[in-house]
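Each remark here refers to the structure printed beneath this line.
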Amino acid sequence: MSEIVILGAGIAGISAAYHARLSGKKAVVYEAQGFWGGLLDNFVIDGFRFDKAIHLSFTNNKYVRSIFDQTPFLSHYPNPSNFEQGKWLKHPVQNNLYPLDVLDKVEAVMSFLNRPTLYNPANYMEWLVHQYGDYIANRFPVIYTQKYWTVPPEMLSTKWIGNRMYRPTLEEVLQGTMTSQTPNTYYAKEMRYPVKGGYRTFMEPMVSGTDIRINKKAARIQPKLKYVEFTDGTKAHYEQLFSSIPLPELIPMIDGAPKEIVELADSLWATSVALISIGLSKPKTVDSLWFYIYDEEMLASRVHSPSLKSSDNAPKNCSSLQFEIFYSKYKPLPFSKSYLLEHAVNCLKQMKLATDDEILFADLKVERFANVVFDHGMISRRDQVRKYLNSIGITPIGRFGEWDYLWSDQSLLSGKRAIEEWVHAKG
Ligand SMILES: Cc1cc2nc3c(=O)[nH]c(=O)nc-3n(C[C@H](O)[C@H](O)[C@H](O)COP(=O)(O)OP(=O)(O)OC[C@H]3O[C@@H](n4cnc5c(N)ncnc54)[C@H](O)[C@@H]3O)c2cc1C
3 MSEIVILGAG IAGISAAYHA RLSGKKAVVY EAQGFWGGLL DNFVIDGFRF DKAIHLSFTN
63 NKYVRSIFDQ TPFLSHYPNP SNFEQGKWLK HPVQNNLYPL DVLDKVEAVM SFLNRPTLYN
123 PANYMEWLVH QYGDYIANRF PVIYTQKYWT VPPEMLSTKW IGNRMYRPTL EEVLQGTMTS
183 QTPNTYYAKE MRYPVKGGYR TFMEPMVSGT DIRINKKAAR IQPKLKYVEF TDGTKAHYEQ
243 LFSSIPLPEL IPMIDGAPKE IVELADSLWA TSVALISIGL SKPKTVDSLW FYIYDEEMLA
303 SRVHSPSLKS SDNAPKNCSS LQFEIFYSKY KPLPFSKSYL LEHAVNCLKQ MKLATDDEIL
363 FADLKVERFA NVVFDHGMIS RRDQVRKYLN SIGITPIGRF GEWDYLWSDQ SLLSGKRAIE
423 EWVHAKG
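Residue numbering for the sequence shown follows my numbering, starting at 3 and increasing by one per position.
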């Protein structure tokens, strides 16, 4: 028996195992896939490396930096941009409206001036109108919400926003309508990325010396007898179980889970993401590391350039892009694989970023769990599920265990915190 069993070898599970080892405890990580990394893993096509979605590090946490910085990294200045109706706007759009037509700018400023003051917005739609006014809200973030979160903003609470959405002053909005020479107000000032090997390389200092068993998919958990059973029929006994498996998948595996907890877990939902990865035969395709697309008829909400993150991600004189298309039960992925690939290629041509003969390949992969969705009441439902897990000796960790909008640094800290609390409580 291992003292500690950890399910999932993403950054939360790897971090838990690493910090268990630092605390002198024996831990084994069981991972369903054939490699460690989880969402931070990558894949290679014809010499082009693609992370699973954008993945850059902008952590300010000194402890996480002390781990990530052991890997040689490149430092990028974040310069995202936005595409809407054939125009490119600086980021964020609300204080960079310069490329819009004059009458549109007037309407945007007037509606910003007349925005309602709401002390306690009931939902994300009210929050948007309160922050930006009707015009900006409806033209940009409302449409983006439906693409990224797959539901209208009325369906979302405001608990996830944090510093993600910039709140400009009137001066900033006005300045942004008159000039393109606006200051960069993006919430991070530096984006870091490993020189070689893709984003998951940041995890390597925690991986060496960690006991990771791959191709081990947990299928059933018996909390009374304290063991996990895998799809291959083998079992792992534990003293304490840590799990980064998404809550809606974890709870049905647990023998004796009460019906109401099963229902609560089932009510939690996340978006999925389709990643369309494109290799190009020219050295540079875009200036921005990533950009957002507001046009509804273009399915992707965000596109990033792996080759700009690091030249190690593409063969010499080549470049690459990756489109992120989010979908869910509320907005299913439309059409066939071939349609989606053709659609992405057509978008590239429409945005005048590439011609047919520059496109070497387009590939589609999907990730079932991308962003947990903060619909109304989610936090209370999730907390009841987490409380139940803790009561039966299972500690949920990471983005889909904690069921929170965690960046990679926060997922690392989630695994660390869980182990340290358990070790401390054990005495
Ligand atoms: C689109 C997108 C963009 C992002 N961009 C950034 C960014 O730029 N910067 C940043 O810091 N963060 C970013 N993140 C967040 C980051 O990806 C997560 O915080 C982090 O990867 C979560 O790690 P985790 O270990 O909690 O979960 P995961 O990486 O999902 O790991 C869970 C692991 O559990 C395994 N598993 C599942 N079921 C089983 C089972 N039954 N048995 C055994 N194993 C199982 C899975 O295979 C997986 O390996 C982004 C996330 C998304 C979706």
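For every residue, glycine included, the Cβ atom is placed at its ideal position computed from N, Cα and C.
Secondary structure of ALA420, DSSP reduced to three states: Under the three-state reduction of DSSP output, ALA420 falls in the helix class.
Is the shortest distance between the beta-carbon of VAL104 and the beta-carbons of chain B less than 8 Å? Note that chain B does not occur in the displayed structure, where there is just one protein chain.
Any idea what DSSP makes of MET180, helix, strand or coil? Three-state DSSP puts MET180 in a helix.
Between PRO225, MET208 and ARG202, which lies nearest to SER59 when the distance is taken from Cα to Cα? Of PRO225, MET208 and ARG202, the smallest CA-CA separation from SER59 is found for ARG202.
Do TYR126 and THR160 have their C-beta atoms within less than 8 Å of each other? The beta carbons of TYR126 and THR160 sit closer together than 8 Å.
Sort out for me which residues DSSP pairs LYS237 with in a bridge. Its beta-bridge partners are GLU231.
Count the other CB atoms, across all protein chains shown, that sit within 10 Å of the CB of GLN183; report buried if there are 16 or more and exposed otherwise. So GLN183 counts as exposed.
Whole-Å CB distance - TYR294 paired with ILE145, under 8 Å assumed: The pair is not a contact, with the Cβ atoms about 10 Å apart (cut-off 8 Å).
Can you tell which of PRO143, LYS92, PHE37 and LYS237 has the C-alpha that lies nearest to the C-alpha of SER290? It is LYS92.
Using the C-alpha atoms, what's the distance from GLY39 back to LEU415? A straight-line Cα-Cα distance of about 15 Å links LEU415 and GLY39.
Can you tell me the Cβ-Cβ gap for PRO170 and GLN96, rounded? I've got them flagged as a contact below 8 Å. Indeed, because the Cβ distance is near 5 Å, the residues count as touching under 8 Å.
Is PHE142 near ligand 1, going by C-beta to nearest heavy atom under 7 Å? Not one heavy atom of ligand 1 lies closer than 7 Å to the C-beta of PHE142.
Could you spell out the range, first to last residue, of the beta strand (DSSP E) harbouring HIS306? First-last of the beta strand (DSSP E) with HIS306: 304–306.
Among residues of its own chain, excluding the 5 on either side of LYS219, which ones have a beta-carbon nearer than 7 Å to its beta-carbon? Apart from the 5 residues on each side of it in sequence, LYS219 sits with its Cβ closer than 7 Å to the Cβ of ALA34, PHE232 and THR233 in its chain, given in chain order.
With respect to 7 Å, is the separation between the Cβ of ALA238 and the closest non-hydrogen atom of ligand 1 below this value? Checking every heavy atom of ligand 1 against the Cβ of ALA238, none is found closer than 7 Å.
Below 8 Å on the Cβ atoms is my contact criterion, and I expect ALA110 with LEU120 to pass it. Report the Cβ-Cβ distance as a whole number of Å. LEU120 and ALA110 do not touch by the CB rule: their CB atoms are close to 19 Å apart, not below 8 Å.
Helix, strand or coil for GLN386 per DSSP? GLN386 falls in the helix class under three-state DSSP.
Quick check: the segment 312–319 against the segment 153–168, are at least 3 beta-carbon pairs closer than 8 Å? Short answer: they don't touch.
Taking 7 Å as the cut-off, is the CB of HIS93 close to at least one heavy atom of ligand 1? No - ligand 1 has no heavy atom lying nearer than 7 Å to the Cβ of HIS93.
So the beta strand (DSSP E) PHE328 belongs to, where does it begin and stop? Looking at the DSSP string, the run of the beta strand (DSSP E) that includes PHE328 is 321–329.
For my contact list, VAL374 and LYS27 are in at a C-beta cut-off of 8 Å; report their separation, rounded to the angstrom. About 29 Å; that fails the 8 Å criterion.
I want to check one thing, is the minimum distance from the CB of GLU326 to the heavy atoms of ligand 1 below 7 Å? GLU326 Cβ: within cutoff of ligand 1.
Going by the beta-carbon positions, is the gap between ARG67 and PRO308 smaller than 8 Å? Contact: no.
Looking only at C-alpha atoms, which of VAL46, VAL7, GLN87 and ALA14 sits nearest to GLU299? Nearest in C-alpha terms to GLU299, of all of VAL46, VAL7, GLN87 and ALA14, is GLN87.
Provide the residue(s) that pair with ILE256 in DSSP beta bridges, ordered along the chain. According to DSSP, ILE256 shares a beta bridge with ILE223.
Whole-angstrom distance between TYR20 and MET167, CA atom to CA atom: Approximately 34 Å between the Cα atoms of the pair.
Would you list the one or two residues that DSSP bridges to LEU91? ASN84, per the DSSP bridge assignment.
What's the C-alpha gap between ALA272 and GLY49? Rounded to the nearest angstrom, the two C-alpha atoms are 32 Å apart.
Collapsed DSSP secondary structure at ILE361 in the structure displayed: The answer is strand: DSSP assigns ILE361 an E or B state.
For GLU404, I'd like the list of residues in its chain whose CB is within less than 7 Å of its CB, leaving aside the five on either flank, ordered along the chain. The beta carbon of GLU404 sits closer than 7 Å to the beta carbons of PRO398 and SER416 from its chain, once the five residues preceding and following it are set aside; these are given in chain order.
Backbone secondary structure at PRO143 - three-state DSSP: Per DSSP, reduced to three states, the secondary structure at PRO143 is helical.
Alpha carbon to alpha carbon, what distance is there between VAL275 and LEU42? Distance between the alpha carbons of LEU42 and VAL275: 14 Å.
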